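Have a look at the structure below before the remarks.
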Amino acid sequence: MKLTNRFFALALALAPLTAGAYQTAETVEQAAPLLTDDGYAIVMYATDWDRTSKSTADAMLADPGVTAALGNAVVMTLGVPNVTPKEEHDANKARFGNLDLSFPNVYPAIILYSKSGQRLTDICIRRSERNNPAAVAARIREAMSAAARQRELMAQAESVQGVERARLLGQASAVPGINRPNNIARLIEQADPDDASGMRRIAGLNLYDTAIQIAGTKDWEASLAEMKELLENPLLTTDQKQQVCCICIGLLHRHGGVRRQAELREMISRLRELNPDSILGQSATDAARLWVSELNLIQGWSPGTLPDDATPIQVHGDIPISAAGKYKVTFTYTRGTEALRIAAVQLFDGNRLVAEDRHVGSTGHRHSNNNYTLEVPATVRNPQLYVIFNMGSKRDSYGNITIEKL
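With numbering that gives the first Met the number 0 applied, the sequence shown covers 0 to 405.
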């Protein structure tokens, strides 16, 4: 084969590999003639305050999987110092024009924009992903797919009118994983001024005002039920769902008490899972640390782990009960203005009650019947220990729980 033919054959073989590779530009003016439906991607990294941020960003852009995921997007980079002087701010404005350069929550990050310049989503590269470009590529592909779906719905909406147009616009606004199209609420109102589709109410939802109204309500459980129902509405955006989660978390934290701790924990987990990179998603860790209290065998009890009613509360931890026999559960007060008042102790094997001791006991500066005996008839494979308290509203009490075999 002639040398020129070999080069021609090699070029044909390489063509599919280079097709769809992202393009680069320094300014929006340079990017304009290169733009496709894949839009822009700005890679932001920390400069003088994170030694590995830029190298991580460079490694991501050099990875074949990330390259393929970005498709035909026009890629630009932006180093962000700890403090941005006015001169640099003005230079960035000249480079990026009207593109939203709001800082992401984590650096480095790949910010995706539509062809028209709308900020679609922030793909913040978590520390666990810095050496895992495949995970980042997967997230980029998901966002690109969501953007394509949103464009498709917006295009369909252009071809119809009225309620059908409003429905399509509403669906476009709720595509998960990316931000809502600009001016979507106004477009829905224009298409369906009487809101026959119900889309206008969702698109114009002001959850800040809703949170303020609910904070003053007396029937908090009815408000919680209303918010949970709203949370399942498929037309809510991810951001709206996170805001609804926060309202539910606030209600459960203020009013639910320890008997609703499992529900509170589930709502906090949902807040995090909806978008771990958002400010609200990151706040879930602090909410779980500060607001979720469990009655724990090692840590004992505290005011936050005691209910104000007779709801049985599980004792978490490694319960040392397995073989048949007698076991003594002892409650020992250590501090607080209130003595601990107990009504019963129950032992379950999974969901089956196997032993209990019901009597009134208390432990404070003085003790009274604060030992509970459990007669276990057979081997327990999955021990679950529950305590029924009798505290009421006064629960300023701390102490320890011990279990010993007699």
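Even for Gly, the Cβ is constructed at its ideal location relative to N, Cα and C.
Everything numeric in this text was worked out from a predicted model, so none of it was measured.
Problem set entry | Presumed contact (8 angstroms Cβ cut-off) between THR263 and ILE246, rounded CB distance | The question names Thr, but residue 263 in the sequence shown is Leu. So it is not a contact: roughly 13 angstroms between Cβ atoms.
Problem set entry | Residues sharing a beta bridge with TYR371, DSSP | VAL328
For this session: Indicate the three-state DSSP secondary structure (helix, strand or coil) for VAL386 in the structure shown.
Result: strand
Exercise. In whole angstroms, what is the alpha-carbon distance linking GLU374 and VAL344?
Worked result: 11 angstroms
Exercise. Tell me the DSSP bridge mates of MET75?
Worked result: Its beta-bridge partners are ILE41.
Exercise. Excluding five sequence neighbours on each side, which residues of the same chain lie with their C-beta closer than 8 angstroms to the C-beta of ALA338?
Worked result: TYR332, SER361, THR362, GLY363, HIS364, ARG365 and SER396
Exercise. From ASP307 to ASN389, what distance separates their C-alpha atoms?
Worked result: Roughly 7 angstroms between the two C-alpha positions.
Exercise. Taking all protein chains shown into account, do 16 or more other C-beta atoms lie within 10 angstroms of the C-beta of LEU204, making it buried, or fewer, making it exposed?
Worked result: buried
Exercise. Are there three or more Cβ pairs, one per stretch, closer than 8 angstroms when the region 39-52 is compared with the region 71-85?
Worked result: Because the criterion of three Cβ pairs below 8 angstroms is met, the region 39-52 and the region 71-85 touch.
Exercise. Which residues does DSSP pair with LYS404 in a beta bridge?
Worked result: Answer is TYR326.
Exercise. Unbroken alpha helix (DSSP H) runs of length 4 or more, entirely within the region 216-284: which are they?
Worked result: If one requires a minimum length of 4 residues, the alpha helix (DSSP H) runs lying completely within the region 216-284 are 219-230, 237-250 and 260-273, in chain order.
Exercise. Where does the unbroken alpha helix (DSSP H) through ARG380 begin, and where does it stop?
Worked result: Taken as a continuous stretch (DSSP letters only), ARG380 belongs to no alpha helix (DSSP H), as it is neither H nor E.
Problem set entry | Stretch pair the region 48-58 + the region 86-102: three plus CB contacts closer than 8 angstroms | The region 48-58 vs the region 86-102: no contact.
For this session: Have a look at HIS252, ALA287, THR378 and ILE400 and flag the residue whose alpha-carbon is nearest the alpha-carbon of GLY316.
Result: ILE400
Exercise. Since PHE95 is in the alpha helix (DSSP H), which residue starts that stretch and which ends it?
Worked result: 85-95
Exercise. Across which residues does DSSP place HIS366 in a beta bridge pair?
Worked result: THR362
Problem set entry | Residues of its chain near LEU9, where Cβ-Cβ distance is below 7 angstroms and the 5 sequence neighbours each way are ignored | With a pLDDT of only 35 at LEU9, under 50, the local geometry of the prediction cannot be trusted, and the value read off the model is given with reservation. The beta carbon of LEU9 sits closer than 7 angstroms to none of the beta carbons in its chain outside the five residues before and after it.
Exercise. Per DSSP, what kind of secondary structure is ALA136 in: helix, strand or coil?
Worked result: helix
Exercise. Is it right to say ASP191 is buried, meaning 16 or more other beta carbons lie within 10 angstroms of its own, or is it exposed?
Worked result: buried
For this session: Give the DSSP-derived three-state secondary structure of GLY441 in the structure shown.
Result: No information on residue 441 is available, as it lies outside the stretch 0 to 405 that the chain covers here.
Problem set entry | Buried versus exposed, by CB contacts within 10 Å (16 or more), ARG126 | exposed
Exercise. Could you check where the alpha helix (DSSP H) with VAL162 kicks off and where it finishes?
Worked result: 161-172
Exercise. Along the chain, where does the alpha helix (DSSP H) that runs through GLN29 open and close?
Worked result: Element bounds for GLN29: 27-30.
Exercise. Quick one: Cα of GLN189 to Cα of GLN160, how far?
Worked result: 10 angstroms
Exercise. How is SER396 classed by DSSP in three states: helix, strand or coil?
Worked result: strand
For this session: For THR378, collect the residues of the same chain with a Cβ closer than 8 angstroms to its Cβ; drop the 5 residues on either side in sequence, then sort them by chain order.
Result: SER321, ALA322 and ALA323
For this session: Within the same chain, show all residues whose beta-carbon is closer than 6 angstroms to that of ARG129, passing over the 5 residues directly before and after it, in chain order.
Result: THR55
Exercise. Hey, VAL73 and ALA30: beta-carbon distance below 8 angstroms or not?
Worked result: yes
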